[in-house]
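Visitor:
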Amino acid sequence: MKIGIVGASGEVGRTMIKVLEKMEVSIGELILLASSKSAGKELMYKDKQIKIQELTEEKMKQKYDYLLFSAGGDVSRKYAPLAQEYGNTVIDNSSAFRMHKDIPLVVPEINAGLLKGYRGIISNPNCSTIQMVLALNKIHENVGIKEVVVSTYQAVSGAGNKGISELQAQQAGDMEIKHFPDQILNNVIPKIGEYEPNGFTQEEMKMVNETRKIFNDSGIDVFATTVRVPVFYGHSESVFFRTEKEVQLSEIKKLIEMSENVVYSDEIITPLHIAQSDLTYVSRLRKAGPKEYMMWVVADNVRVGAATNAVRILLSHAQLNTGK
Ligand SMILES: NC(=O)c1ccc[n+]([C@@H]2O[C@H](COP(=O)([O-])OP(=O)(O)OC[C@H]3O[C@@H](n4cnc5c(N)ncnc54)[C@H](OP(=O)(O)O)[C@@H]3O)[C@@H](O)[C@H]2O)c1
């Protein structure tokens, strides 16, 4: 396969290269694209050094089997439709197309069926949404979920290279605030993204709207508070959910254990210990009322929440459409 990565030098792009390698995706040609700032730099794929090239419109007109985009919404809005026009299938990590009604928003373990016979732009959901819906999926399928209340504890890597650099700089004594709304070192910041007119942030509304779209259920109420914490990798979430049917806690536990790429643990799971894992971890499961439950969900945001989900989309799409 010929695969292109747009935003290859970024946190997600570099992780995509590692995940493509780990998942043994059969690649004949790998094209790495980024801004002029990174053009000429080299990145390793397997034992080969590959030069990053500058992203141009001409490069989008070439034929790829898959183009993986992770260079932000503006780059996706400008270049992904052009790549699509030239017959390419794009897997886009930005929020640019996620809520477009004709564009599939895919977590393969839940709705891979949307990929069959589809060509064009495919959206990868927000990192916080992916791990939450993976943990809730089988419960929703079997018991029905009416309401979710979630508070997130999101790593600085969720803001890309600049988020990581800001925490590292503050750890080294440079307290300048560049990207986050307040000092992130020794702090917790309850605002990710800009405010929407309803007082929720963009990140919070992504969790509401994307959950409904992925579950194809506009009746689920989702209430989110998204919070940045001084952790490098791994988003954690405290999730309260109310089901349609009343079931035993053991039944909920069984459904979580049945979920693909989800691990249930009786021990507490913390982000420090699951960095670079491709699984979503559920612990602290409790019954809070007849139809009310609570759990703690942790996953590597750059892998499960971005690169791994994108590569799983690629593999599902290839399998469903070419049998490869
Ligand atoms: N980090 C996460 O956990 C996460 C999770 C889910 C989704 N995402 C989404 O994935 C995307 C990338 O995130 P990231 O965390 O990897 O960000 P990042 O570390 O800041 O990397 C951004 C990448 O985009 C490239 N880029 C920026 N402007 C460009 C331009 N005009 N032309 C070509 N390339 C350009 C950068 O290239 P240069 O290095 O050359 O500037 C770099 O490769 C964003 O849309 C983000 O919302 C991130």
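Residue numbering for the sequence shown follows the working numbering, beginning at 5 and increasing consecutively. For each residue, glycine too, the CB sits at the ideal point set by N, CA and C.
1) Leaving out the 5 sequence neighbours to the left and right, which residues in its chain are closer than 8 Å to Gly76 when beta-carbon positions are compared?
2) Take Leu72 and list the residues in its own chain whose beta-carbon comes closer than 6 Å to its own, dropping the five residues that flank it on each side.
3) What does the Cβ neighbour count give for Glu207, buried or exposed, with the cut at 16 atoms within 10 Å?
4) DSSP state of Thr284, grouped into three classes?
5) According to DSSP, simplified to helix, strand and coil, what is Lys291?
6) With a 10 Å radius around its C-beta and 16 neighbouring C-beta atoms as the bar for buried, classify Tyr297 as buried or exposed.
7) Gly124 and Thr93 look like a contact to me (Cβ under 8 Å); what is the Cβ gap, rounded to whole Å?
8) Applying the 10 Å Cβ sphere with the 16-neighbour rule, what's the burial state of Met209?
9) Who pairs with Ile35 in a beta bridge, going by DSSP?
10) Count the other C-beta atoms from every protein chain shown that fall within 10 angstroms of the C-beta of Gln172, then say buried if there are 16 or more, exposed otherwise.
11) Per DSSP, what are the beta-bridge partners of Tyr297 in this structure?
12) Gln187 by DSSP, collapsed to three states: which one?
13) Can you name the start and end residues of the beta strand (DSSP E) that Ser155 belongs to?
14) Can you check DSSP and say which residues form a bridge with Val94?
15) Helix or strand or just coil, what does DSSP make of Leu47?
16) If we count the other Cβ atoms within 10 Å of its Cβ and call it buried at 16 or more, is Arg316 buried or exposed?
17) For Ala173, which three-state DSSP category applies?
Guide: If we stick to the structure as given:
1) Along the sequence shown, read from residue 1 onward, the residue named residue 76 stands at position 72. Gly11, Ser98, listed in sequence order.
2) As a working note, residue 72 is residue 68 in the sequence shown. Excluding positions up to five away in sequence, the list reads Ile9, Met20, Ile95, Ala314.
3) In the sequence shown, the residue the question calls residue 207 occupies position 203. Answer is buried; the Cβ neighbour count reaches 16.
4) Working through the sequence shown from its first residue, we reach residue 284 at position 280. Of the three classes helix, strand and coil, the one that applies to Thr284 here is strand, per DSSP.
5) Taking the first residue of the sequence shown as position 1, residue 291 is located at position 287. It is a strand residue.
6) As a position in the sequence shown, residue 297 is number 293, starting the count at 1. With 16 or more other Cβ atoms within 10 Å, it is buried.
7) The count along the sequence shown starts at 1 and reaches residue 124 at position 120. The count along the sequence shown starts at 1 and reaches residue 93 at position 89. Confirmed, Cβ separation roughly 7 Å.
8) On the sequence shown, residue 209 is found 205 positions in, with the first residue counted as 1. Buried, since its Cβ has 16 or more Cβ neighbours within 10 Å.
9) Here residue 35 refers to the residue found at position 31 of the sequence shown. DSSP, once it has assigned bridges, lists Gly8 as partnering Ile35.
10) Translated into the one-based positions of the sequence shown, residue 172 becomes position 168. Flag for Gln172 reads exposed.
11) In the sequence shown, residue 297 corresponds to position 293, counting from 1. Note: Tyr297 sits in a beta bridge opposite Phe245, Lys291.
12) On the sequence shown, position 183 is the one that residue 187 refers to. Coil.
13) Mapped onto the sequence shown, residue 155 falls at position 151. Residues 149-157.
14) In the sequence shown, the residue the question calls residue 94 occupies position 90. Leu71, Ile125, per the DSSP bridge assignment.
15) Walking along the sequence shown from the start, residue 47 turns up at place 43. Strand, per DSSP.
16) The residue given as residue 316 occupies position 312 in the sequence shown. Looking at its Cβ environment, which holds 16 or more other Cβ atoms inside 10 Å, Arg316 is buried.
17) As a working note, residue 173 is residue 169 in the sequence shown. Helix, per DSSP.
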